[in-house]
Each structure stands twice: as C-alpha cells, then as structure tokens.
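*Asks:* Residue numbers (full-length UniProt numbering): 1 to 98.
Take a look at this one; I'll ask things after.
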Amino acid sequence: MTTLHVITHSPFGDERLASCLRLLGPQDALLLCGDATYALKPGSEPLRALQAASLDGRLFALAEDLQARALDATQAKAVDYPAFVELTLHYDKVNSWL
C-alpha cells in the first residue's frame, strides 16, 4: 500500500521530517507544505537528509509555499493545488504529520 506523506511544520522545530523519512516506504512519496518547505534550504541538515533518502521523483513541494519563502525546488518537484489533489488520488493513503 502506497502512502503520500504530507508535512507542514518546519524541520528546524521538531523531528517530524526525520521520523517520516525513517518510515517512508520504497513506493511512498513526500509532500512539503508551509514551513516544511524550509527543508529545501541549501546547505541545511534537513536537505542533506532528504538527499540521503533518495526520493527521486517522489519528493514534492507546494509551489505557492516555495514562492512565499523564496525557495528553489531543485530537489523537489513543485506542484500547485490541483496537482496536490492529483497526488492524493494517486496514492492509496495520505498521512498528514500533524
């Protein structure tokens, strides 16, 4: 069963991202929203963790949140809200890390 994991909290404030990466299955995907997009900050430890997780083609970030934080999405595929909805339909379940 595939899962889309959605994180909205900053990776600098708690361990949600690290916990998610430990549980991520080989067919699962990760969507960064809100302050979670700060994980894509160049040179940061969260970005190194994402790179080490080898999420090629399975790491997404909400485009609006990247733009609001002046972040580049070279490591993640930027998606708009309609694409976010499509992602939720593509995976068997959605797990929001509240």
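All C-beta atoms in this analysis are idealised placements derived from N, C-alpha and C, irrespective of residue type, glycine included.
Between A39 and the rest of its own chain, which residues show a CB-CB distance below 7 Å, the 5 nearest in sequence each way excluded?
*Replies:* Correct list, in chain order: P11, L17, L32, P46, L47, L50.
*Asks:* Taking its Cβ as the centre, do 16 or more other Cβ atoms sit within 10 Å of L4, making it buried, or is it exposed?
*Replies:* L4 should be labelled buried.
*Asks:* Hey, I7 and L30 are a contact pair by Cβ (cut 8 Å); roughly how many whole angstroms apart?
*Replies:* About 7 Å; that satisfies the 8 Å criterion.
*Asks:* Buried or exposed: D80, going by 16 or more other Cβ atoms within 10 Å of its Cβ?
*Replies:* Under this definition D80 is an exposed residue.
*Asks:* Rounded to whole angstroms, what is the Cα-Cα separation between P26 and S19?
*Replies:* Whole-angstrom Cα-Cα distance: 15 Å.
*Asks:* Along the chain, which unbroken stretches of the beta strand (DSSP E) at least 3 residues long are found entirely within the stretch 23–51?
*Replies:* Whole beta strand (DSSP E) segments, 3+ residues: 29–32.
*Asks:* Quick check: does the Cβ of A49 come within less than 7 Å of any heavy atom belonging to the ligand SAM?
*Replies:* You won't find the ligand SAM in this model; it holds no ligand whatsoever.
*Asks:* Please report the straight-line C-alpha distance between E64 and K41, rounded to a whole angstrom.
*Replies:* Whole-angstrom Cα-Cα distance: 16 Å.
*Asks:* In this structure, how does DSSP classify T88 when only helix, strand and coil are distinguished?
*Replies:* Correct three-state label for T88: helix.
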